[in-house]
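So the sequences go chain by chain: A and B. Numbering follows my numbering, with no gaps: position 32 of the first sequence is 35. Numbering follows my numbering, with no gaps: position 6 of the second sequence is 9. Think of the CB as a built atom: it goes at the ideal place given N, C-alpha and C, for glycine as much as any other residue. Report on the following structure.
There are 2 protein chains.
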Amino acid sequence: MYTIGQVSQLFELPVSTLRYYDKEGLFPDMKRVSGIRQFDEKEVEAIRVIECLKKSGMEIKDIKQFMEWCAQGPQTYPQRRELFLKRKAYVEAEIERMQQVLDMLIFKCWYYGEAMRDGDETRLQPIKPEDMPERIRQAYENAHR
Amino acid sequence: MYTIGQVSQLFELPVSTLRYYDKEGLFPDMKRVSGIRQFDEKEVEAIRVIECLKKSGMEIKDIKQFMEWCAQGPQTYPQRRELFLKRKAYVEAEIERMQQVLDMLIFKCWYYGEAMRDGDETRLQPIKPEDMPERIRQAYENAHR
DNA sequence: ATAAACCCTAAACCTAACTTTATGTCAAGG
DNA sequence: CCTTGACATAAAGTTAGGTTTAGGGTTTAT
Chain A
4 MYTIGQVSQL FELPVSTLRY YDKEGLFPDM KRVSGIRQFD EKEVEAIRVI
54 ECLKKSGMEI KDIKQFMEWC AQGPQTYPQR RELFLKRKAY VEAEIERMQQ
104 VLDMLIFKCW YYGEAMRDGD ETRLQPIKPE DMPERIRQAY ENAHR
Chain B
4 MYTIGQVSQL FELPVSTLRY YDKEGLFPDM KRVSGIRQFD EKEVEAIRVI
54 ECLKKSGMEI KDIKQFMEWC AQGPQTYPQR RELFLKRKAY VEAEIERMQQ
104 VLDMLIFKCW YYGEAMRDGD ETRLQPIKPE DMPERIRQAY ENAHR
């Protein structure tokens, strides 16, 4: 069992954030002893899940819904699985999107490297993909799909 | 040359957003004719770059800095390249982070699939990585690094 | 010539996810 | 006893990135 201060250190999360999560209903049945929060193994695991779902782009109010399902027991397994499937699809799309952004950045790094050598962009401005090095052309074409 | 409404349609961005970007200084020397904005090829390319930099996690005020460098000409090529190198490193880290989140989600999907078959979590709760299917174990271990 | 469909600005408003502030309780140590 | 430190609450404040509103001007089709 942990106090809020211990959990704060454990996860490097401000105490105020943990209290905020609690206020938002992210720990549906956390115990208290004379008003003081008791972070149990259950709550610690909840925080791990919260971190994951947050990184997957989910909002607090939807994470709350998930936590409520957890508190309701086995009858909500299907909903919980459904949720994770949706997050999975979302994150897969997000990674693909980020890969395209990365390709644009790779192209731009090359572009400004060349611009520095040339001193201006007169050669670069009208450049065609077929005049770029192989690696750069691939990045360029993926970025512009 | 485009009006704000045409650019809005072209990029599927609200007119209000384009005006907001302008107010934030993202089009440093956009022309106007009797008060009306003239989106030129330069501004259209700027919007493409804005979209990319935004997706790479950059804030508006830093994008503004970049746009000012662009308006200053060839002497700022090194700064611009530096910026893109930094964004590239950031996005690479971001993709790795997302891959870990994805692995956690893959694990959770499997977990709840099993929980549904079992009807409870008594078998799952104390499960060790070596008792998981290969694909799941890999995801689990990457997610928990 | 008048209504619709554009364009403009300034300023107020919005939302999520926190953070800060003001106030108070309680236990332990010097 | 009294100060320090950890806990608590409620409510106000913050930030980014817009959006909405209120008030006007201009152009175009009927």
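Quick one: measure Cβ to Cβ for M119 of chain A and R84 of chain B, integer angstroms, because I've assumed they're closer than 8 Å.
Counting from one through the first sequence, the residue named residue 119 of chain A turns up at place 116. Counting from one through the second sequence, the residue named residue 84 of chain B turns up at place 81. Confirmed, about 7 Å.
| task | Give every residue of the same chain whose Cβ lies closer than 6 Å to the Cβ of F42 of chain A, excluding the five residues on either side of it in the sequence, and list them in chain order. | result | Walking along the first sequence from the start, residue 42 of chain A turns up at place 39. Contacts found: Y5 and V10.
**Same chain, Cβ closer than 7 Å to G8 of chain B, five either side skipped, listed in chain order** = Locating residue 8 of chain B in the second sequence gives position 5, counting from the first residue. Result list for G8 of chain B: V18, in chain order.
*Identity of the residue in B:D32, B:I98, B:E117 and B:I53 nearest G16 of chain B by Cα*: In the second sequence, counting from the first residue as 1, residue 16 of chain B sits at position 13. Gly is not the amino acid found at residue 16 of chain B; the sequence shown has Leu there. Nearest C-alpha to L16 of chain B: B:I53.
(Q) Distance cutoff 9 Å, beta carbons only. Does Q102 of chain B sit that close to anything in chain A? (A) Indexing the second sequence from 1 puts residue 102 of chain B at position 99. By this cut-off, Q102 of chain B is an interface position.
Using the C-alpha atoms, what's the distance from C73 of chain A back to E46 of chain A? As a position in the first sequence, residue 46 of chain A is number 43, starting the count at 1. As a position in the first sequence, residue 73 of chain A is number 70, starting the count at 1. One C-alpha to the other measures close to 12 Å.
Bounding residues of the beta strand (DSSP E) (the contiguous stretch that carries Q68 of chain B): Within the second sequence, the letter at position 65 stands for residue 68 of chain B. From DSSP, Q68 of chain B is part of no beta strand (DSSP E) but of the alpha helix (DSSP H) over I63 to Q75.
**Request:** Determine the chain B residues that contact V94 of chain A at a beta-carbon separation under 8 Å, and present them in chain order.
**Result:** As a first step, residue 94 of chain A is located in the first sequence; it is residue number 91 there, counting from the start. M101, V104, L105 and L108, listed in chain order.
- Item | Interface residues of the stretch 76 to 93 of chain A facing chain B [CB-CB below 7 Å] | P77, Y80, P81, R83, R84, F87, L88, R90 and K91
(message) Using a Cβ-Cβ cutoff of less than 8 Å, which residues in the same chain neighbour Q141 of chain A once the five nearest sequence positions on both sides are dropped?
(response) Residue mapping note: residue 141 of chain A aligns to position 138 of the first sequence, counting from 1. Answer for Q141 of chain A: D106, listed in chain order.
* Within 10 angstroms of the Cβ of Y23 of chain B, are there 16 or more other Cβ atoms? Answer buried if so, exposed if not. => Residue mapping note: residue 23 of chain B aligns to position 20 of the second sequence, counting from 1. Exposed, by the Cβ-count rule.
Bridge partners of Q78 of chain A, per DSSP?
By 1-based counting over the first sequence, the position of residue 78 of chain A is 75. Paired residues: none, contrary to the question.
Would you mind sorting K34 of chain A into buried or exposed? The rule is 16 or more other CB atoms within 10 Å of its CB.
For the purposes of this step, residue 34 of chain A is taken as the residue at position 31 of the first sequence. The residue is exposed, with fewer than 16 neighbouring Cβ atoms inside 10 Å.
Should I109 of chain B and K91 of chain A be called a contact, given that it needs their Cβ atoms to be closer than 9 Å? Taking the first residue of the second sequence as position 1, residue 109 of chain B is located at position 106. Taking the first residue of the first sequence as position 1, residue 91 of chain A is located at position 88. Contact flag set, yes.
Exercise. How many Å lie between E48 of chain B and D25 of chain B at the Cα?
Worked result: Against the second sequence, residue 48 of chain B aligns to sequence position 45. Against the second sequence, residue 25 of chain B aligns to sequence position 22. Near 14 Å, if we compare the C-alpha coordinates of D25 of chain B and E48 of chain B.
Check: If the cut is a Cβ gap below 7 Å, which residues of chain A does Y24 of chain B touch?
Finding: The residue labelled residue 24 of chain B in the question sits at position 21 within the second sequence. The premise fails here: Y24 of chain B is roughly 18 Å from chain A at the closest Cβ pair, so nothing lies under 7 Å.
| field | Euclidean distance between Cα positions of Q103 of chain B and Q12 of chain B | value | For the purposes of this step, residue 103 of chain B is taken as the residue at position 100 of the second sequence. For the purposes of this step, residue 12 of chain B is taken as the residue at position 9 of the second sequence. Distance between the alpha carbons of Q103 of chain B and Q12 of chain B is about 36 Å.
Practice problem: Write down the C-beta distance between F87 of chain A and Y115 of chain B rounded to the nearest angstrom, noting that I regard them as a contact closer than 8 Å. | Solution: Here residue 87 of chain A corresponds to residue number 84 of the first sequence, with the count starting at 1. Here residue 115 of chain B corresponds to residue number 112 of the second sequence, with the count starting at 1. Indeed, because the Cβ distance is near 6 Å, the residues count as touching under 8 Å.
Check the DSSP bridge columns for Q41 of chain A and list the partner residues they point to. Translated into positions along the first sequence, residue 41 of chain A becomes position 38. DSSP, once it has assigned bridges, lists A:K34 as partnering Q41 of chain A.
Please classify V36 of chain B: is it buried, with 16 or more other beta-carbons within 10 angstroms of its beta-carbon, or exposed? Position 33 of the second sequence, counted from the start, is the residue given in the question as residue 36 of chain B. Counting Cβ neighbours within 10 Å, V36 of chain B comes out exposed, since fewer than 16 surround it.
Problem - Local Cβ density within 10 Å of I39 of chain A, reported as buried at 16 or more and exposed below that - result: As a first step, residue 39 of chain A is located in the first sequence; it is residue number 36 there, counting from the start. Classification of I39 of chain A: exposed, given that the 10 Å Cβ count is below 16.
Kindly list the residues whose CB is nearer than 7 Å to the CB of D32 of chain A, restricted to its own chain and excluding five residues on each side of it in sequence; keep chain order. Residue numbering aside, residue 32 of chain A sits at position 29 when the first sequence is read from its first letter. Hits under 7 Å: A74.
Going by other Cβ atoms of all chains shown within 10 Å of its Cβ, with 16 needed for buried, is A96 of chain A buried or exposed? For the purposes of this step, residue 96 of chain A is identified with residue 93 of the first sequence, where counting begins at 1. The residue is exposed, with fewer than 16 neighbouring Cβ atoms inside 10 Å.
Exercise. Can you name the residues of chain A whose CB is closer than 7 Å to the CB of C55 of chain B?
Worked result: As a position in the second sequence, residue 55 of chain B is number 52, starting the count at 1. Residues of chain A passing the Cβ test: V104 and M107.
Measure the alpha-carbon distance for Y80 of chain B versus E99 of chain A and round it to whole angstroms. In the second sequence, residue 80 of chain B corresponds to position 77, counting from 1. In the first sequence, residue 99 of chain A corresponds to position 96, counting from 1. Answer to the nearest angstrom: the Cα atoms are 29 Å apart.
Nearest by alpha-carbon distance to K111 of chain A: which of A:I139, A:G60 and A:K58 is it? Position 108 of the first sequence, counted from the first residue, corresponds to residue 111 of chain A. The residue with the shortest Cα to Cα distance from K111 of chain A is A:I139.
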